[in-house]
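A.B. asks:
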Amino acid sequence: MTRSTNPNRIKAQQIFLEHQGEITNRKIAEILNEKEKTISAWKSRDKWNAALQNDDCSTTKEKRSTTKKNEPLKTQTPPKKIDDGESYELTPKQHIFVQEYLIDLNATQAAIRAGYSPDTAHVQGPRLLGNVRVQQAVESAMQAREKRTGITADKVLEQIAKIAFVDLRDIVTWDEGKIVIRPSEEIDGTVLAEISETISESGTVRKRVKVNDRMRALDMLAKHTGLLDEHRRKLDEARNKRAAEKHALDMAKANVDQDTGDVEIVVSIEDDDNEG
């Protein structure tokens with residue numbers, strides 16, 4: 026007698042294909058109430074990854090078949106490759122995600138542009154960045170871009186630092202109550218957002234010099250150097266310490282209240298640091 030196929034075996038592959046391979050065996054096992062080893066065995070025997078690749082190819086063929094006979098065939102643009110030419114065994118969607126992520130470093134928007142649902146992109150984006158192969162592809166592509174453009178993280182930080190620590194005395198002087206703009210050859214133009222000169226109908230000349238946002242630049246520097254993270258860590262440690270001390274004093278008060286009915290302990294903890 027022929028042994029019937031477990032219907033969950035077919036369902037498992039359908040779930041895998043619906044998620045474009047972006048779902049773990051454990052998650053599928055939980056959905057179908059099967060053992061993870063069983064899902065892994067089905068995935069291997071039924072060649073799910075190959076089916077995923079074939080599904081992508083068939084979709085491409087369907088799109089090509091819709092071309093009208095009278096229209097000349099357009100040259101198919103090959104998919105973009107990771108800058109160093111390595112595939113990292115990425116799925117087609119992961120491959121597109123890497124390229125899109127390099128544009129603005131926004132994981133959610135990159136996931137949407139790569140074809141993931143906008144409703145789940147805020148989850149899919151960070152999850153993709155947590156994938157080891159995707160991480161390697163992103164890092165490799167960034168390194169290749171640095172070599173190609175000469176733009177490195179150090180150079181970017183150097184420019185941000187220029188803006189953050191610009192000294193207005195390097196741009197204007199205000200001796201004897203008169204403000205004078207320094208000659209252009211003495212000013213670093215990369216720190217300026219605007220410089221203009223207007224003349225009113227009465228002949229009054231108005232000169233305007235505006236530097237880039239220094240506070241925003243300082244904030245960016247703090248994030249890149251880890252200063253904000255360190256500050257938050259110290260604040261969290263202080264809060265936890267005070268909470269532990271208060272808890273210990275509350276327990277002591279409770280014990281005293283059990284022993285005597287006429288003893289009261291007042292707990293007052295003052296903040297020594299400025300958490301603003």
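Here the working numbering is used: the sequence shown runs in plain steps of one and ends on residue 301. Here a beta-carbon is modelled for each residue, glycine too, at the ideal position from N, C-alpha and C.
1. Per the contact definition of three or more C-beta pairs closer than 8 Å, is the region 192 to 207 in contact with the region 172 to 182?
2. Classify Trp199: buried if its beta carbon has 16 or more other beta carbons within 10 angstroms, exposed otherwise.
3. Are the beta-carbon atoms of Asn50 and Ser69 separated by less than 8 Å?
4. Quick one: give me the first and last residue of the beta strand (DSSP E) that Arg194 is part of.
5. Measure the alpha-carbon distance for Leu153 versus Ile56 and round it to whole angstroms.
6. Taking the alpha carbon of Leu246 as the point to measure from, which residue in Ile188, Gln168 and Leu127 has its own alpha carbon closest?
7. Pairs of beta-carbons, one from the region 152 to 170 and one from the region 120 to 128, closer than 8 Å: are there three or more?
8. Identify every residue that forms a DSSP beta bridge with Thr223.
9. If we ignore side chains and look at the alpha-carbon of each, how far apart do Ala139 and Arg158 end up?
10. With 16 other CB atoms within 10 Å as the buried threshold, where does Gln38 fall?
11. Evaluate Val205 with the Cβ neighbour count: other Cβ atoms within 10 Å of its Cβ, from every protein chain shown; 16 or more gives buried, anything less gives exposed.
12. Determine the contact status of Ile224 and Val230, defining contact as a CB-CB distance below 8 Å.
13. Are the beta-carbon atoms belonging to Phe41 and Ile35 less than 8 Å from one another?
14. How big is the Cα-Cα spacing for Arg264 and Pro208?
15. Might you give, ordered along the chain, the residues of its own chain that have their beta carbon closer than 7 Å to the beta carbon of Ile185, omitting 5 neighbours on each side?
16. Please list, in chain order, all residues of the same chain as Ala73 whose beta carbon is under 6 Å from its beta carbon, the five residues on each side excluded.
17. State buried or exposed for Glu125, treating a residue as buried only when at least 16 other CB atoms are found within 10 Å of its CB.
18. Starting from the Cα of Leu77, find the closest Cα among Pro32, Glu114 and Gly214 and give me that residue.
19. So Arg233 and Ser221 are in contact, right, with Cβ under 8 Å, and what is the actual spacing, rounded?
20. Measure the Cβ-Cβ separation of Ala136 and Gly155 and say whether it is below 8 Å.
21. By DSSP, does Ala217 sit in helix, in strand, or in coil?
22. If I measure Cβ to Cβ from Glu211 and keep anything under 8 Å in the same chain, skipping five residues before and after, which residues do I get?
23. Does the distance from the C-beta atom of Glu219 to that of Lys203 stay below 8 Å?
24. Tell me whether Thr198 sits in a helix, a strand or coil according to DSSP, three-state version.
25. Return the first residue and the last residue of the alpha helix (DSSP H) that Ala135 is part of.
26. Here's the rule I'm using: 16 or more other beta-carbon atoms within 10 Å means buried, otherwise exposed. How should Ile128 be labelled?
27. Measuring straight from C-alpha to C-alpha, what distance separates Asn31 and Glu59?
28. Within a Cβ cutoff of 7 Å, which residues of the same chain sit near Asn33, ignoring the five residues on either side of it in sequence?
C.D. replies: Looking at the coordinates:
1. Using a Cβ-Cβ distance cut-off of 8 Å, the region 172 to 182 and the region 192 to 207 are not in contact, since fewer than three pairs of beta carbons, one from each stretch, lie closer than that value.
2. By one-based count along the sequence shown, residue 199 stands at place 174. Classification for Trp199: exposed.
3. Taking the sequence shown and counting its residues from 1, one reaches residue 50 at position 25. Taking the sequence shown and counting its residues from 1, one reaches residue 69 at position 44. Taking 8 Å as the Cβ cut-off, Asn50 and Ser69 do not qualify as a contacting pair.
4. As a position in the sequence shown, residue 194 is number 169, starting the count at 1. First-last for Arg194: undefined, no H or E at that position.
5. Start at 1 with the first residue of the sequence shown, and residue 153 comes out as number 128. Start at 1 with the first residue of the sequence shown, and residue 56 comes out as number 31. Taking the CA atoms as reference points, Leu153 sits about 21 Å from Ile56.
6. Here residue 246 is taken as the residue at index 221 of the sequence shown, counted from 1. Comparing Cα-Cα distances from Leu246 to each of Ile188, Gln168 and Leu127, the minimum goes to Ile188.
7. Taking 8 Å as the limit for Cβ pairs, the verdict is that the region 120 to 128 does touch the region 152 to 170.
8. Residue mapping note: residue 223 aligns to position 198 of the sequence shown, counting from 1. DSSP links Thr223 through a beta bridge to Arg231.
9. Residue numbering aside, residue 139 sits at position 114 when the sequence shown is read from its first letter. Residue numbering aside, residue 158 sits at position 133 when the sequence shown is read from its first letter. Distance between the alpha carbons of Ala139 and Arg158 is about 16 Å.
10. For the purposes of this step, residue 38 is taken as the residue at position 13 of the sequence shown. The residue in question, Gln38, is buried, as its Cβ has 16 or more Cβ neighbours within 10 Å.
11. Indexing the sequence shown from 1 puts residue 205 at position 180. By the neighbour-count criterion, in which a residue is buried when 16 or more other Cβ atoms sit within 10 angstroms of its Cβ, Val205 is exposed.
12. Numbered from its first residue, the sequence shown carries residue 224 at position 199. Numbered from its first residue, the sequence shown carries residue 230 at position 205. Yes, they are a contact pair.
13. In the sequence shown, the residue the question calls residue 41 occupies position 16. In the sequence shown, the residue the question calls residue 35 occupies position 10. Here Phe41 is not near Ile35, since their CB atoms are 8 Å or more apart.
14. Numbered from 1 along the sequence shown, position 239 holds the residue referred to as residue 264. Numbered from 1 along the sequence shown, position 183 holds the residue referred to as residue 208. Rounded to whole angstroms, Arg264 to Pro208 spans 52 Å at the Cα level.
15. Numbered from 1 along the sequence shown, position 160 holds the residue referred to as residue 185. Residues of the same chain with a CB within less than 7 Å of the CB of Ile185, apart from the 5 flanking positions on each side, are Ala242, Met245 and Leu246 in chain order.
16. Position 48 of the sequence shown, counted from the start, is the residue given in the question as residue 73. With the sequence shown as reference, residue 73 is identified as Trp, and Ala is not the correct amino acid for it. Around Trp73, the same chain offers Gln38 and Phe41 as residues with beta carbons nearer than 6 Å, after the five sequence neighbours per side are excluded.
17. In the sequence shown, the residue the question calls residue 125 occupies position 100. Around the beta carbon of Glu125, 16 or more other beta carbons sit within 10 angstroms, so the residue counts as buried.
18. Taking the first residue of the sequence shown as position 1, residue 77 is located at position 52. With distances taken between Cα atoms, Leu77 lies closest to Glu114.
19. By 1-based counting over the sequence shown, the position of residue 233 is 208. By 1-based counting over the sequence shown, the position of residue 221 is 196. Indeed they touch by this definition, with Cβ atoms about 5 Å apart.
20. The residue labelled residue 136 in the question sits at position 111 within the sequence shown. The residue labelled residue 155 in the question sits at position 130 within the sequence shown. Cβ atoms of Ala136 and Gly155: not closer than 8 Å.
21. Looking up residue 217 in the sequence shown gives position 192. Reading the sequence as shown, one finds Leu at residue 217 and not Ala. Leu217 carries a strand assignment under DSSP once its states are collapsed to helix, strand and coil.
22. The sequence position of residue 211 within the sequence shown is 186, counting from 1. Counting only Cβ-Cβ distances below 8 Å, and skipping sequence neighbours, we find Asp195.
23. Here the question's residue 219 lines up with position 194 in the sequence shown. Here the question's residue 203 lines up with position 178 in the sequence shown. The answer is no: Cβ separation not under 8 Å.
24. The residue you call residue 198 lines up with position 173 of the sequence shown. In this structure, Thr198 counts as strand in the three-state DSSP scheme.
25. On the sequence shown, position 110 is the one that residue 135 refers to. Ala135 -> alpha helix (DSSP H) spans Ala132 to Arg138.
26. Here residue 128 refers to the residue found at position 103 of the sequence shown. With fewer than 16 other beta carbons inside 10 angstroms of its own, Ile128 counts as exposed.
27. Position 6 of the sequence shown, counting from 1, holds the residue named residue 31. Position 34 of the sequence shown, counting from 1, holds the residue named residue 59. The alpha-carbon atoms of Asn31 and Glu59 are separated by roughly 11 Å.
28. The residue you call residue 33 lines up with position 8 of the sequence shown. Cβ within range, chain order: Leu57 and Glu59.
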